[in-house]
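The structure appears below as structure tokens.
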Amino acid sequence: MHSERQTSVKYYVGIDVGSASVRAALVDEFGTVVMHAEQPIQIWEPQPDHYEQSSADIWAACCAVTKKVICDVDASQIRGIGFDATCSLVVVDKQFQPLAVNSQGQNNRNVIMWMDHRAVSQVDRINATQHRILSYVGGVMSVEMQPPKLLWIKENLQESCWEKAGYFFDLPDFLSWKATGVTARQQVLSQQRTDQCIKLWQLLNRSLCTLVCKWTYSSDGGWDDSFWKMIGLEDLVKDKYEKIGNHVLSPGEPVGKGLTPEAAKELGLPEGIAVAASLIDAHAGGLGVIGADVRGHNLPCENQPITSRVALICGTSSCHMGISETPIFVPGVWGPYFSAMVPGLWLNEGGQSATGKLIEHVVQGHVAFPELQSKAAASAQSIYTYLNSHLDLIKKSLPVGFLTVDLHVWPDFHGNRSPLTDLTLKGMVVGLTLSRGLDELALIYLATIQAIALGTRHILEAMEAAGHHINTLFLCGGLSKNPLFVQMHADITGKPVVLSKEVESVLVGAAILGACASGDFASIQEAMAKMGKIGRVVRPNHEHKRFYDKKYEVFLKLVEHQREYRSIMKSS
481 MHSERQTSVK YYVGIDVGSA SVRAALVDEF GTVVMHAEQP IQIWEPQPDH YEQSSADIWA
541 ACCAVTKKVI CDVDASQIRG IGFDATCSLV VVDKQFQPLA VNSQGQNNRN VIMWMDHRAV
601 SQVDRINATQ HRILSYVGGV MSVEMQPPKL LWIKENLQES CWEKAGYFFD LPDFLSWKAT
661 GVTARQQVLS QQRTDQCIKL WQLLNRSLCT LVCKWTYSSD GGWDDSFWKM IGLEDLVKDK
721 YEKIGNHVLS PGEPVGKGLT PEAAKELGLP EGIAVAASLI DAHAGGLGVI GADVRGHNLP
781 CENQPITSRV ALICGTSSCH MGISETPIFV PGVWGPYFSA MVPGLWLNEG GQSATGKLIE
841 HVVQGHVAFP ELQSKAAASA QSIYTYLNSH LDLIKKSLPV GFLTVDLHVW PDFHGNRSPL
901 TDLTLKGMVV GLTLSRGLDE LALIYLATIQ AIALGTRHIL EAMEAAGHHI NTLFLCGGLS
961 KNPLFVQMHA DITGKPVVLS KEVESVLVGA AILGACASGD FASIQEAMAK MGKIGRVVRP
1021 NHEHKRFYDK KYEVFLKLVE HQREYRSIMK SS
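Our numbering puts the first residue of the sequence shown at 481, with every later residue one more than the last.
So this is what it looks like as structure tokens:
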């Protein structure tokens, strides 16, 4: 009987391209991660705020991790594959070969990463237009979106890149194209289309998620010619958007005829397996957690619409995904985007540009970090597990969080994405002493985590003020593995936090896409409900509410003071 059940199980492969690594998981139809693998990918930082990667390096890592996770199963049981990735910009020439996004002419470095802030001047000029389309990105476009990066390429790499470029991809779309090989010419021939009015490029598939969220595409109106002309990228309009795509699929829809023979060989999978239209990584994390069945957990979102939930995907950066039945315009929060994550629902996306990266920066930059490394290694613990234990040792009779009564952090070391949309804001620490030991490192680590949670509260309050009704947080991503991070988010927001049964919820979300593309589920919602599972609920300690209300009051004062002193310096 056991053998019969094993052979009848259906599997899906989810591939997630993060900032520093590529991960893959083999996920069964019940949402269980059966096998998981990870491989690092290279990042180049040729100068401050410039971050680049290689699409060839990324694809090679995708192939390596996929082969690892499928090695112990019958390939005939694998029904579909789904990709998610950071919203980085991939540039290829007219023959789909990598094209340099740098002045050094290094063609292998053909990806401008999502966190690259080289296009500050360009985004400022875009925002100065006050074009109506900006109302769908919280009123202010982020430097992390694609239009300012495209404009930077045109203005800085006109001959070497802009004029030679054949296609600009969001990284998730590049991966689904790489797997299916659906170039326009192949699709036209395979479908035996003879209508001369059909342009080949129209069939180069893009995901609705990427185009709507990062490129200003409208799910009902398509591209807005006036926007591209106004910002100086009229070339794209003249080419009828050949280079950025005009054939759009909803996330989870099958792309082309599935895996090509070449891609199948590279990935170690059978030819023709269904490939799904992709998602941005945070959105895949949202799919993996937000639709889970919560019955029996005594949560405020039980028997409430899914719109009462927010998915918080927290890794290198953090994204706050709130959904609604009607469009809600939240100042400083991206969206509303229709069907960009859950079909039929509007999405608002708040975010913090540096969270996991900020914690790493603060901890590793402290003078006591070598001591921390040594003691954590001696106790066979991660540095963060050791820090959490150390905080428990020094708290005495106080709750851990109260240790920062005189230590406060403003966390925007990489600018503010939401809800202030101010790229120029800087990080702040108030309450430093001359002490340099492990105790002080533990305290600044705690204060940094609290600052990130206070930033989440700031975003949630902006969303609620605009019309969202949020009562439960669903966390996933690397930082959700840190119990201190999770508890601080519960205590500071005052909302229960739901953790997925599968820690790798982003990979489950990618696998859900593959499951839908295979036809095994009738809808994304059906797959979300069946494959998303609750693991643990962390509830806020309401006895600590007054303390964190005071911390939040100080938190908001910090940015007031920063803006005040900057105003003073400008006037001097």
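Here a beta-carbon is modelled for each residue, glycine too, at the ideal position from N, C-alpha and C.
Remember, predicted model here, so these are calculated numbers, not experimental data.
In angstroms with no decimal places, state the Cα-to-Cα distance between D496 and N868. In the sequence shown, the residue the question calls residue 496 occupies position 16. In the sequence shown, the residue the question calls residue 868 occupies position 388. Just so you know, the alpha carbons of D496 and N868 end up roughly 29 Å apart.
Straight-line Cα distance separating A580 from S535: The residue you call residue 535 lines up with position 55 of the sequence shown. The residue you call residue 580 lines up with position 100 of the sequence shown. Each residue's Cα considered, the two are about 11 Å apart.
Given E782, which residues of its chain have a CB within under 7 Å of its CB, disregarding the five upstream and five downstream residues? Taking the first residue of the sequence shown as 1, we reach residue 782 at position 302. Residues V774 and R775 of the same chain have their beta carbon placed closer than 7 Å to that of E782, with the five preceding and five following residues left out of the count.
Give, in chain order, every unbroken run of the alpha helix (DSSP H) that is at least 4 residues long and sits entirely within the segment 953-1023. Taken in chain order, the complete alpha helix (DSSP H) segments of 4 residues or longer contained in the segment 953-1023 are 963-973, 985-998 and 1004-1011.
Reduced DSSP category for D573 - H, G, I as helix; E, B as strand; rest coil: Position 93 of the sequence shown holds residue 573. Of the three classes helix, strand and coil, the one that applies to D573 here is strand, per DSSP.
Can you list, in chain order, the residues of its chain whose CB lies under 6 Å from that of I863, leaving out five sequence neighbours each side? As a first step, residue 863 must be located in the sequence shown, where it is residue number 383. Answer for I863: L852 and A856, listed in chain order.
Mapping DSSP to helix, strand and coil, what is L878? The count along the sequence shown starts at 1 and reaches residue 878 at position 398. If DSSP states are grouped into helix, strand and coil, L878 belongs with coil.
Leaving out five residues before and five after L838 in sequence, what residues of the same chain have Cβ atoms less than 8 Å from its Cβ? Translated into the one-based positions of the sequence shown, residue 838 becomes position 358. Same-chain partners within the cutoff: P891, F893, H894, G907, T928 and I932.
CB H611 to CB F707, shorter than 8 Å? The count along the sequence shown starts at 1 and reaches residue 611 at position 131. The count along the sequence shown starts at 1 and reaches residue 707 at position 227. Contact annotation: H611 and F707 have beta-carbon atoms nearer than 8 Å.
Cα-Cα separation, I992 to D886: Within the sequence shown, the letter at position 512 stands for residue 992. Within the sequence shown, the letter at position 406 stands for residue 886. Approximately 46 Å, taken between the alpha carbons.
Helix, strand or coil: how does DSSP classify Q671 here? Reading the sequence shown from its first residue, position 191 is the one you call residue 671. Annotation note: pLDDT 45 at Q671 (below 50); position unreliable, no value reported.
With burial defined as no fewer than 16 other Cβ atoms inside 10 Å of the residue's Cβ, what is the status of S670: buried or exposed? Residue 670 sits at position 190 when you count from the first residue of the sequence shown. With a pLDDT of 45 at S670, under the threshold of 50, the predicted position of this residue should be treated as unreliable, though the coordinate-derived value follows. With fewer than 16 other Cβ atoms within 10 Å, it is exposed.
Can you name the residues that DSSP bridges to Y491? Taking the first residue of the sequence shown as 1, we reach residue 491 at position 11. Bridge partners of Y491: D508 and I558.
Do you know offhand how far G911's Cα is from T884's? Taking the first residue of the sequence shown as 1, we reach residue 911 at position 431. Taking the first residue of the sequence shown as 1, we reach residue 884 at position 404. Each residue's alpha carbon lies about 9 Å from the other.
Using 8 Å as the Cβ pair cut-off and three pairs as the minimum, do the segment 549-559 and the segment 594-613 touch? The answer is no - the segment 594-613 does not touch the segment 549-559, with fewer than three Cβ pairs under 8 Å.
Three-state secondary structure (DSSP) at L827? Taking the first residue of the sequence shown as position 1, residue 827 is located at position 347. Correct three-state label for L827: strand.
Helix, strand or coil for Q666 per DSSP? Here residue 666 corresponds to residue number 186 of the sequence shown, with the count starting at 1. In this predicted model, Q666 has a pLDDT of only 42, less than 50, meaning its place in the structure is not dependable; the value taken from the coordinates is given anyway. Three-state DSSP puts Q666 in a helix.
Return helix, strand or coil for M801, following the three-state DSSP convention. Taking the first residue of the sequence shown as position 1, residue 801 is located at position 321. If DSSP states are grouped into helix, strand and coil, M801 belongs with the strands.
In three-state DSSP terms, what is C781? Taking the sequence shown and counting its residues from 1, the one referred to as residue 781 is at position 301. In the structure shown, C781 sits in coil (DSSP, three-state: anything other than H, G, I, E or B).
Alpha-carbon spacing of I558 relative to L767, whole angstroms: Position 78 of the sequence shown, counted from the first residue, corresponds to residue 558. Position 287 of the sequence shown, counted from the first residue, corresponds to residue 767. So the alpha carbons of these two residues sit roughly 20 Å apart.
For G494, which residues from the same chain have a beta carbon less than 6 Å from its beta carbon, with the 5 sequence-adjacent residues on both sides left out? As a working note, residue 494 is residue 14 in the sequence shown. Hits under 6 Å: A505, V507, G562, L987, A990 and A991.
Whole-number beta carbon distance between A756 and G994, since they are thought to touch under 8 Å: Taking the sequence shown and counting its residues from 1, one reaches residue 994 at position 514. Taking the sequence shown and counting its residues from 1, one reaches residue 756 at position 276. Sure, about 5 Å apart at Cβ, within 8 Å.
How about S788 and N951: do their beta carbons lie closer than 8 Å? As a working mapping, residue 788 is identified with position 308 in the sequence shown. As a working mapping, residue 951 is identified with position 471 in the sequence shown. In this structure, S788 places its C-beta atom within 8 Å of the C-beta atom of N951.
Tell me whether T806 is buried or exposed, calling it buried when 16 or more other Cβ atoms sit within 10 Å of its Cβ. Position 326 of the sequence shown, counted from the first residue, corresponds to residue 806. Answer is exposed; the Cβ neighbour count stays below 16.
On the DSSP letters alone, give me the boundaries of the alpha helix (DSSP H) that Q844 sits inside. Residue mapping note: residue 844 aligns to position 364 of the sequence shown, counting from 1. In the DSSP annotation of this structure, the continuous segment of the alpha helix (DSSP H) that includes Q844 starts and ends at G836 to Q844.
Can the beta-carbon of I521 be found closer than 8 Å to that of V545? The residue given as residue 521 occupies position 41 in the sequence shown. The residue given as residue 545 occupies position 65 in the sequence shown. Contact flag unset, no.
If you count every other CB in all the chains shown that lies within 10 Å of the CB of R673, and 16 or more means buried, which is it? Counted from its first residue, the sequence shown places residue 673 at position 193. Unreliable placement is indicated for R673, whose pLDDT of 43 sits below 50; no coordinate value is reported for it.
Which of the three DSSP states is assigned to C794 in this structure? Start at 1 with the first residue of the sequence shown, and residue 794 comes out as number 314. The answer is strand: DSSP assigns C794 an E or B state.
For V813, the nearest candidate out of G824, S1047, N828 and P823 (CA to CA): Residue 813 sits at position 333 when you count from the first residue of the sequence shown. V813 has its Cα closest to that of N828, out of G824, S1047, N828 and P823.
Is DSSP giving A645 helix, strand or coil here? Taking the first residue of the sequence shown as position 1, residue 645 is located at position 165. In the three-state reduction of the DSSP assignment, A645 falls in the strand class.
Alpha-carbon spacing of Q1005 relative to G498, whole angstroms: Position 525 of the sequence shown holds residue 1005. Position 18 of the sequence shown holds residue 498. So the alpha carbons of these two residues sit roughly 24 Å apart.
Given 8 Å, three or more beta-carbon pairs between the segment 915-925 and the segment 746-756: With the cut-off at 8 Å, the segment 915-925 and the segment 746-756 do not touch.
In the DSSP assignment, find the unbroken beta strand (DSSP E) run with F893 in it and report its ends. As a first step, residue 893 is located in the sequence shown; it is residue number 413 there, counting from the start. Run containing F893: none; DSSP gives neither H nor E here.
What three-state label does DSSP hand Y817 in the structure shown? Taking the first residue of the sequence shown as 1, we reach residue 817 at position 337. Residue state, collapsed to three classes: strand.
A743 beta carbon less than 8 Å from that of G661: Counted from its first residue, the sequence shown places residue 661 at position 181. Counted from its first residue, the sequence shown places residue 743 at position 263. For the pair G661 and A743, the CB atoms are nearer than the 8 Å cut-off.
Proximal residues to Q602 (C-beta, below 6 Å), its chain only, five neighbours per side dropped: Within the sequence shown, the letter at position 122 stands for residue 602. Its chain contains P628, L631 and W632 as the residues whose beta carbon lies nearer than 6 Å to that of Q602, once the 5 sequence neighbours on both sides are disregarded; these appear in chain order.
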